[in-house]
Every structure is written in C-alpha cells, then in structure tokens.
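Worksheet: the structure to be examined is printed underneath.
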Amino acid sequence: MFSLPQPDLRKCESEIPVIQMDDDPTSLNFVLRSIYPVERPVISSITHAQELFEVAQKFDVDCALQLLRASLTQLVVVESDPLRAWAIAVRYGLKEAEDAASLRFTPYWVITHLQSWSM
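Numbering-wise, the sequence shown is residues 5 to 123 according to our numbering.
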C-alpha cells in the first residue's frame, strides 16, 4: 500500500501524504477501534461480521480477528439462516462457529429433505 506512487507534496495543503482507500469507513472504524484501547465496537449481524473480517484480514489485524471470531461464534446461535452462518464460519476457518451452525442447520436440512421424500 505504501509503495504506491504518492501525490506531489507541493500540491498538498499539508506535508502529510494522504493515502486513498477503497474500504468501507465502518469497517476501517472497527479495525482501528480493535487496535486502540477504546470501547469495543458492537458487531450487529453476521453480514456485518463478514464485511469486517474482509478488512481485518486485508490489514492483518490480529486483535480485530480475535474479536470477530468470538463475536461470530455468538452470532451463529441467533442467525436466522444457519446454512449461511455455517458457510461464513467455514470460509474463515472458525471451527467452533462452524460446529454451532451445523448443529442448527442439520435439523432444518433433515426435516426439509424428509418432507420432500415422503411426497
């Protein structure tokens, strides 16, 4: 990121170079709050956690990843779509969340397929 061409400092208002980033401001806010000793951000949904995982992995922020792992394991229990929760847990290698999601998904899968076989 820092090896990219930098703007001409003579054209900048200050002497501090500005690096343009394409990441979502909410995700960057989460990553920075994970690093600094301030109130930890709330992860409201599994979709939110997935977005945050992408940015935390991109910048290799271990403390943010640890917080996300713990949060995702808790979010799996309340996720309305256990199959989606399982897929996200598998994608990020979260064995505990994967197991919790698969336990929630299995009864749904068995019931759905048993009903289709009985017709």
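All residues carry an ideal CB built from backbone N, CA and C; glycine is no exception.
| Query | Result |
| --- | --- |
| At least three beta-carbon pairs within less than 8 Å, the segment 54–68 to the segment 78–85 | no |
| Proximity of residue 75 and residue 90 at Cβ, strictly below 7 Å | no |
| Environment of residue 40 [buried if 16+ CB atoms lie within 10 Å] | exposed |
| Proximity of residue 60 and residue 77 at Cβ, strictly below 7 Å | no |
| Complete runs of the alpha helix (DSSP H) confined to the segment 72–99 [at least 4 residues] | 86–95 |
| Beta-carbon gap between residue 65 and residue 104 smaller than 7 Å | no |
| Whole-number beta carbon distance between residue 68 and residue 34, since they are thought to touch under 8 Å | 7 Å |
| Boundaries of the alpha helix (DSSP H) in which residue 24 is found, first to last residue | No alpha helix (DSSP H) holds residue 24; DSSP gives it neither H nor E. |
| Reference residue 32; option with closest CA among 63, 93 and 43 | 63 |
| Span separating the alpha-carbon of residue 37 from that of residue 96 | 21 Å |
| Where the alpha helix (DSSP H) through residue 35 begins and ends | 29–39 |
| Same chain, Cβ closer than 8 Å to residue 28, five either side skipped, listed in chain order | 55 and 59 |
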